[in-house]
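So the structure is just underneath, and the comments pick up after that.
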Amino acid sequence: MLGVHVLGPGFGETIIIELPSGEVGVVDSFAARYTGPPALEYLSQLHPAIKKLKFVALTHPHADHCMGMFRYFEKYEVEEFWHFHSFINHTCMGFFKAMHDNKTRDAVEKALDLPAGSVWLDSLRLKNALDKQGDVKPRALVATHTFVLCNGAVTAKVITPNDQSCWRYNTILAETTESLLQDGPNFNPTWNPSGLPHNQASGSILFEYGQTRILLMADAEEDLWTDVTDEQGDNPIPKVHFIKGAHHGSKNGYHHKIYTSAANKNTIIVLTPFNRNKYPLPTNDGVNLLLPHVKDVYCTNSVEACDASGLAWKCVNTRPSPAMPPEWIADCRANPQLLTLLEDQQTKHPYSGRVSLPRKWAHVCQKHPELLQLLCQPLRNRRVTAKRPDIINEFRVSMKYDNNGNVVDSFIGWGVGHLPGI
Amino acid sequence: MPGVRGKCSNKLAEWIDSPVDDVARYVKVMNSWATSHDSIPEPWLPEEAKQPEPRPASAFKVSPDVTLIRRLGTVPAPAFIETVTGRKARCLVQVAGAELPVEIPIRILESRGLRIGDRFMWWMSEDGSITAEDIDDMPPNRLTDAEEAEGQRLYDSLREQVAKGCTWGMNPTQER
């Protein structure tokens, strides 16, 4: 079986790939500053016995895709490291050093409220962890590279970026870094590192196992896909069964020819939201463009998806609820407005957004996080943080396929939103 | 309003017919200076300004007070002031991995120098009561000294590697 697990609570994404041989690979990592990656915890639960990962992949250097990746190398022996093409390039590391020295954050660090230098430090930690392992095989995520797995039963083919895209990203990176020191040893005050589009480096990967195909599109945006169709024609990707949608479901991540080529009414798309930015994702336009191509679209956090896109994402599964504390019942009797804070499936009172949580409820939730499950979804799943205890069961989509494209097993977390294809 | 006018008139008359003789008072004071100089303060000398008293802590932006003993049973949660309506501030509090809206009296936040958009650490009490002492500053949002040192050490090590000739990852076309 070929398994794919997408985790995305709203501040980053990780995809875990289970290979038919029983080996496991990880694509991208997210974590808060002082916490380990939630996906690492999930991996430990999923495969408590494994000590070695087949591969770890870093698609591009944005904080929602790279934070905490070094911890996988600390915990596991890693056979291969698949990296975006400029990783360890002098200009790239110099760029992050300059960001740190200038106390500047890029748009994603800012959105995630990480201090300046976070990506720089984590990249260095990652390089250090790689050095410590010594014999990790590096593989660059550049189009047409094909990595053979499971003695040839599975292949991983890199779709983006192609040579043209690599050239473009490296040129912008060099120009941006050069403009930093335009005036000599002092930083150029007009330097704008946020203008550097790291998504241009995004490595997207197509896994093939017999007839089964899984496409992970990372944060590749339209121009990268245009480079692919320019080079390989209008149908560069065969039909796939599972897509991890590009760039959190933004309109920029959509490319008509690519989706026409890769998707059909058997395909499902999973999006991970990113709701911290000025332009929250997925967008209404982005999702509406996807719906005609596929059977189903899932977004790993329905509340953030609703907020960002304005569409009515529905949760497929209900979640377990603990018993209500007697104090809460008494409080609700005294103040019926508090009922709107609770799960509306139980109370039939939709959350208005106006009622605040009583302070003592906040205290008890902090001490007993399971009580959070009693609160209504819009209240508790808006801007989820890394401290969510059950992140791996709420904001995860897992699918397992045989080699004929049939779904053998699946799990849709109770925080995941769903829209049917049109 | 004759009555009122009458009252005013009476008061005015009292003032005009005041028995106190200002001149006589002045003379008395002058004489007293002359006769007992030591007993009288020296108003003509420039008075040394008192050291300004430290402003009450409430007037400052919140500063972490590690010596402060927290109330029994309080637990910390990072919070952010989202809106203010009337005398209540709606704050988003990070509780168990969620950002939940909680109301806090604005006077308490103001007494700690906090306004809309500010962040703070709230030590939540079991009964929901809140005092100014339950509000702390957030740690500064920057890399810690240890993180800075670690970053610098790793970066220097990377530069050494580069100087010796980086081993891999430089040329993606090698792996085609």
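As given, the protein sequences belong to chains A and V, one line each in that order. Take the first sequence: its position 205, counting from 1, is numbered 212 in this note's numbering, and each next residue is one higher. Take the second sequence: its position 157, counting from 1, is numbered 141 in this note's numbering, and each next residue is one higher. Beta carbons are placed, not taken as given, at the ideal position from N, Cα and C, and that holds for glycine.
**Request:** Measure from the C-beta of V:Ala116 to each C-beta in chain A and report whether the shortest distance is under 8 Å.
**Result:** One-based indexing of the second sequence puts residue 116 of chain V at position 132. Cβ-Cβ to chain A under 8 Å: no for V:Ala116.
**Message:** Quick check on DSSP: helix, strand or coil for A:Gln380?
**Reply:** Locating residue 380 of chain A in the first sequence gives position 373, counting from the first residue. Residue state, collapsed to three classes: helix.
**Prompt:** Would DSSP call A:Glu81 helix, strand or coil?
**Reply:** Taking the first sequence and counting its residues from 1, the one referred to as residue 81 of chain A is at position 74. Three-state DSSP puts A:Glu81 in a helix.
**Asked** Residues in the stretch 391 to 419 of chain A with C-beta within 8 Å of chain V's C-beta atoms, listed in sequence order?
**Response** Val391, Thr392, Ala393, Lys394, Arg395, Pro396 and Ile398
**Item:** V:Pro89 and V:Arg103 closer than 8 Å at C-beta
**Value:** Here residue 89 of chain V is taken as the residue at index 105 of the second sequence, counted from 1. Here residue 103 of chain V is taken as the residue at index 119 of the second sequence, counted from 1. Taking 8 Å as the Cβ cut-off, V:Pro89 and V:Arg103 do not qualify as a contacting pair.
**Asked** Nearest chain V C-beta to A:Gly124 closer than 8 Å, yes or no?
**Response** In the first sequence, residue 124 of chain A corresponds to position 117, counting from 1. Yes, contact with chain V.
**Prompt:** Assuming A:Gly424 contacts A:Trp320 under a Cβ cut-off of 8 Å, what Cβ separation, rounded to an integer in Å, is found between them?
**Reply:** Residue mapping note: residue 424 of chain A aligns to position 417 of the first sequence, counting from 1. Residue mapping note: residue 320 of chain A aligns to position 313 of the first sequence, counting from 1. That pair is a contact at about 3 Å.
**Message:** Any beta carbon from chain A within less than 8 Å of V:Glu131's own beta carbon?
**Reply:** Taking the second sequence and counting its residues from 1, one reaches residue 131 of chain V at position 147. So yes, V:Glu131 belongs to the interface.
**Prompt:** Which residue from A:Gly210, A:Gln218 and A:Leu364 puts its Cα closest to that of A:Cys73?
**Reply:** Within the first sequence, residue 73 of chain A is the residue found at index 66, counting from 1. Checked all of A:Gly210, A:Gln218 and A:Leu364; the closest Cα to A:Cys73 is A:Gly210.
**Request:** Go ahead and label A:Glu215 buried or exposed: buried means 16 or more other beta carbons lie within 10 angstroms of its beta carbon, across all protein chains shown.
**Result:** On the first sequence, residue 215 of chain A is found 208 positions in, with the first residue counted as 1. Classification of A:Glu215: buried, given that the 10 Å Cβ count is 16 or more.
**Close-in-space but distant-in-sequence residues of the same chain around V:Trp28 (CB under 7 Å, 5 per side omitted)** = Within the second sequence, numbered from 1, the residue matching residue 28 of chain V stands at position 44. Low confidence applies to V:Trp28: its pLDDT is 49, below 50, so where it sits in the model is not reliable, and the reading given next is rough at best. Closer than 7 Å at the Cβ level, and outside the excluded window around V:Trp28, lies no residue.
**Message:** Please classify A:Phe18 as buried or exposed, where buried requires at least 16 neighbouring CB atoms within 10 angstroms.
**Reply:** On the first sequence, position 11 is the one that residue 18 of chain A refers to. Buried, by the Cβ-count rule.
**Whole-angstrom distance between A:Val126 and A:Ser172, CA atom to CA atom** = Residue numbering aside, residue 172 of chain A sits at position 165 when the first sequence is read from its first letter. Residue numbering aside, residue 126 of chain A sits at position 119 when the first sequence is read from its first letter. When rounded, the distance between both Cα atoms is 22 Å.
**Prompt:** Any C-beta of chain A sitting closer than 8 Å to the C-beta of V:Asp111?
**Reply:** As a position in the second sequence, residue 111 of chain V is number 127, starting the count at 1. Yes, contact with chain A.
**Length-filtered (4 minimum) alpha helix (DSSP H) runs lying within the stretch 62 to 118 of chain A** = 70 to 73, 77 to 82, 97 to 108 and 114 to 118
**Interface partners of V:Met108 on chain A, CB under 7 Å** = Taking the second sequence and counting its residues from 1, the one referred to as residue 108 of chain V is at position 124. Result: Arg366, Ala369, His370 and Gln373.
**Prompt:** Do we get a CB-CB distance below 8 Å when we pair V:Ala71 with the residues of chain A?
**Reply:** For the purposes of this step, residue 71 of chain V is taken as the residue at position 87 of the second sequence. The question names Ala, yet the displayed sequence has Arg at residue 71 of chain V. Not closer than 8 Å to any Cβ of chain A, the Cβ of V:Arg71 fails to qualify, so no.
**Message:** Taking only three categories from DSSP, how would you classify V:Gln78?
**Reply:** Looking up residue 78 of chain V in the second sequence gives position 94. Strand.
**Request:** Buried or exposed for A:Asn282, please, with buried defined as at least 16 other CB atoms from any protein chain shown within 10 angstroms of its CB.
**Result:** Mapped onto the first sequence, residue 282 of chain A falls at position 275. By the 10 Å Cβ count, A:Asn282 comes out buried.
**Request:** Give me the Cα-Cα distance between A:Glu334 and A:Thr347, rounded to the nearest whole angstrom.
**Result:** Counting from one through the first sequence, the residue named residue 334 of chain A turns up at place 327. Counting from one through the first sequence, the residue named residue 347 of chain A turns up at place 340. Answer to the nearest angstrom: the Cα atoms are 16 Å apart.
**Coil, strand or helix - A:Tyr305 by DSSP** = For this step, residue 305 of chain A is matched to residue 298 along the first sequence. Note: A:Tyr305 maps to strand in three-state DSSP.
**Request:** Could you name the residues of the same chain whose beta carbon sits closer than 7 Å to that of A:Thr392, not counting the 5 residues immediately before and after it, in chain order?
**Result:** Here the question's residue 392 of chain A lines up with position 385 in the first sequence. Contacts found: Ala39.
**Request:** Please work out which residues of its chain come closer than 6 Å, Cβ to Cβ, to A:Ile419, disregarding the five sequence neighbours upstream and downstream, and give them in chain order.
**Result:** What you label residue 419 of chain A is simply residue 412 of the first sequence in a count that begins at 1. The answer, listed in chain order, is Val323, Asn324 and Val404.
**Request:** May I have the straight-line CA-CA distance separating A:Gly101 from A:Asn206, to the nearest angstrom?
**Result:** Taking the first sequence and counting its residues from 1, the one referred to as residue 101 of chain A is at position 94. Taking the first sequence and counting its residues from 1, the one referred to as residue 206 of chain A is at position 199. One C-alpha to the other measures close to 18 Å.
**Asked** Nearest CA to the CA of V:Ala61: which residue from A:Ser93, A:Gln373, A:Pro427 and A:Asn411?
**Response** Position 77 of the second sequence, counted from the start, is the residue given in the question as residue 61 of chain V. Taking only the C-alpha atoms, the option nearest V:Ala61 is A:Gln373.
**Prompt:** What residues in the stretch 111 to 123 of chain A bring their beta carbon closer than 9 Å to a beta carbon of chain V?
**Reply:** Asp120, Leu121, Pro122 and Ala123
**Prompt:** Three or more beta-carbon pairs under 8 Å between the stretch 228 to 235 of chain A and the stretch 258 to 267 of chain A, yes or no?
**Reply:** yes
**Request:** Could you list which residues in chain A have their beta carbon closer than 8 Å to that of V:Arg74, in chain order?
**Result:** Here the question's residue 74 of chain V lines up with position 90 in the second sequence. Neighbours of V:Arg74 on chain A, chain order: Ser363.
**Prompt:** Roughly how many angstroms separate the alpha carbons of V:Arg143 and A:Leu131, rounded to a whole number?
**Reply:** The residue given as residue 143 of chain V occupies position 159 in the second sequence. The residue given as residue 131 of chain A occupies position 124 in the first sequence. Looking at the two C-alpha atoms, the distance is approximately 11 Å.
**Item:** Sequence-distant residues of the same chain with beta carbon closer than 6 Å to A:Asp241, five excluded per side
**Value:** Residue 241 of chain A sits at position 234 when you count from the first residue of the first sequence. Answer for A:Asp241: Lys264, listed in chain order.
**Item:** Nearest residue (CA-CA) to V:Gly97, options V:Asn125, V:Asp120, V:Lys148 and V:Asp129
**Value:** Taking the second sequence and counting its residues from 1, the one referred to as residue 97 of chain V is at position 113. Nearest C-alpha to V:Gly97: V:Asp120.
**Message:** Could you compute how far the alpha carbon of A:Leu47 sits from the alpha carbon of A:His248?
**Reply:** The count along the first sequence starts at 1 and reaches residue 47 of chain A at position 40. The count along the first sequence starts at 1 and reaches residue 248 of chain A at position 241. Straight-line Cα distance between these residues: approximately 26 Å.
**Item:** Residues near V:Gly135 by beta carbon distance below 8 Å, same chain, minus five either side
**Value:** Locating residue 135 of chain V in the second sequence gives position 151, counting from the first residue. For V:Gly135, where only same-chain residues beyond five positions count, the Cβ hits under 8 Å are Leu127.
**Request:** For the beta strand (DSSP E) holding A:Pro327, just list the boundary residues, first then last.
**Result:** Taking the first sequence and counting its residues from 1, one reaches residue 327 of chain A at position 320. It is not in any beta strand (DSSP E) - A:Pro327 carries neither H nor E in the DSSP assignment.
**Prompt:** Around the C-beta of A:Gly360, are 16 or more other C-beta atoms found within 10 angstroms, so that it is buried, or is it exposed?
**Reply:** Walking along the first sequence from the start, residue 360 of chain A turns up at place 353. Exposed: under 16 other Cβ atoms inside 10 Å.
**Request:** Identify every residue that forms a DSSP beta bridge with A:Ser405.
**Result:** In the first sequence, counting from the first residue as 1, residue 405 of chain A sits at position 398. The partner list for A:Ser405 (beta bridge, DSSP) reads A:His12 and A:Phe418.
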